[in-house]
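Data first, discussion second: the structure below is written as structure tokens.
Written out as structure tokens, the structure reads:
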């Protein structure tokens, strides 16, 4: 889950990437909460996160800067299990795939 000040991110653009039970976003007071629920087995579950936060932290900044490639990646993996081909994945996005495949 990521938390942004509502002035840091474009709510309308973020909301376009919502997928029920996979990518959820909501406004809570002055913040936008972005919740990603992903399981590489096609269900919804928990990926053990011990030690992975530093590797994935750049994704927070990518989204904050208006780069929604990670959200397209999650949607694509949830939909057909394939990486999207419309953009080059960042190092953090590649790391996410490795963690998801191991989870």
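Numbering (our numbering), first residue to last: 12 to 114.
Even for Gly, the Cβ is constructed at its ideal location relative to N, Cα and C.
Values in this document were obtained by computation on a predicted structure and should not be read as measured data.
Query - Contact set for residue 45: own chain, Cβ-Cβ below 6 Å, skip 5 residues either direction - result: The residue you call residue 45 lines up with position 34 of the chain shown. Within the same chain, residue 45 has close Cβ partners 13 and 36.
**Report entry** Run of the beta strand (DSSP E) containing residue 48, from where it starts to where it stops
**Finding:** Here residue 48 refers to the residue found at position 37 when the chain shown is read from its first residue. From DSSP, residue 48 is part of no beta strand (DSSP E); its letter is neither H nor E.
Requested in this report: May I ask you to list the residues that DSSP assigns as paired with residue 37?
Outcome: Residue mapping note: residue 37 aligns to position 26 of the chain shown, counting from 1. DSSP, once it has assigned bridges, lists 44 as partnering residue 37.
Query raised in the report: Helix, strand or coil: which one does DSSP assign to residue 16?
Result: Within the chain shown, numbered from 1, the residue matching residue 16 stands at position 5. Note: residue 16 maps to strand in three-state DSSP.
Query raised in the report: Hey, how far is the Cα of residue 71 from the Cα of residue 64?
Result: Residue mapping note: residue 71 aligns to position 60 of the chain shown, counting from 1. Residue mapping note: residue 64 aligns to position 53 of the chain shown, counting from 1. The alpha-carbon atoms of residue 71 and residue 64 are separated by roughly 10 Å.
Requested in this report: Output yes or no for whether 8 Å exceeds the beta carbon distance between residue 95 and residue 84.
Outcome: Residue 95 sits at position 84 when you count from the first residue of the chain shown. Residue 84 sits at position 73 when you count from the first residue of the chain shown. Yes. Within cutoff.
Query raised in the report: In terms of residue numbering, what span does the alpha helix (DSSP H) encompassing residue 71 cover?
Result: Numbered from 1 along the chain shown, position 60 holds the residue referred to as residue 71. From DSSP, the alpha helix (DSSP H) with residue 71 extends over 64-75.
Query raised in the report: In its own chain, which residues sit with a C-beta less than 8 Å from the C-beta of residue 67, not counting the 5 before and 5 after it?
Result: Taking the chain shown and counting its residues from 1, one reaches residue 67 at position 56. For residue 67, where only same-chain residues beyond five positions count, the Cβ hits under 8 Å are 103, 106, 107 and 110.
Query raised in the report: Thinking just about the alpha-carbon of each residue, which of 19, 48 and 20 is nearest to the one in residue 89?
Result: Residue 89 sits at position 78 when you count from the first residue of the chain shown. Selected option, being the one with the closest Cα: 48.
Query raised in the report: If you count every other CB in all the chains shown that lies within 10 Å of the CB of residue 34, and 16 or more means buried, which is it?
Result: Working through the chain shown from its first residue, we reach residue 34 at position 23. Label assigned to residue 34: buried.
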